[in-house]
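Note that the sequence shown covers residues -14 to 96 in this note's numbering.
By construction, the Cβ of each residue, glycine as well, lies at the ideal position given by its N, Cα and C atoms.
Since the model is a prediction, treat every value here as computed from it, not as a measurement.
See below for the structure under consideration.
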Amino acid sequence: MPVTDSLEADVVQRLRHDAHATLGRDHAALIRAAAANARAFVDDAEQYVAKVVGDVQQRFHDEFVETTWPRCPRHRQHPLWHHGGAWVCEQDGIAVARLGELTGSGTEPTE
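Set out below in structure tokens:
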């Protein structure tokens, strides 16, 4: 399936929710830039979602926004990783939440 404008908008919205819910602030510009940039490199929908999520997570780690984002709620010492549409604890293989469904300190971001 190709990458569409609606897929890009959906991934941005879900990542904005997860970032805001867990970090308490919106990172819309960073997330939108990662989503737009990924379209230049990936034309498969599943690979696109994985790239956008991975790129945003890497930036949050590299730029010290939060080096364990999103923090595993089960163990608190490591991040969750995105696999198959879900945030997964790789220590025990448990899916904690679907992309766009993390909960935490913030509230739903608005435009």
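- V38 sits close to L84, with the two beta carbons spaced by under 8 Å.
- By the neighbour-count criterion, in which a residue is buried when 16 or more other Cβ atoms sit within 10 angstroms of its Cβ, Q43 is exposed.
- DSSP assignment within the region 16 to 69 yields the following whole alpha helix (DSSP H) runs of 4 residues or more, N-terminal first: 30 to 47.
- The DSSP-derived three-state label of V(-12) is coil.
- The region 22 to 31 makes no contact with the region 57 to 68; the number of CB pairs closer than 8 Å stays below 3.
- Just measuring C-alpha positions, the residue of A23, G69, L15 sitting nearest E48 is L15.
- Under the 10 Å beta carbon count, H2 is surrounded by 16 or more other beta carbons and is classified as buried.
- Here L(-8) has A30 as same chain residues with Cβ atoms under 6 Å from its own Cβ, once five neighbours each way along the sequence are excluded.
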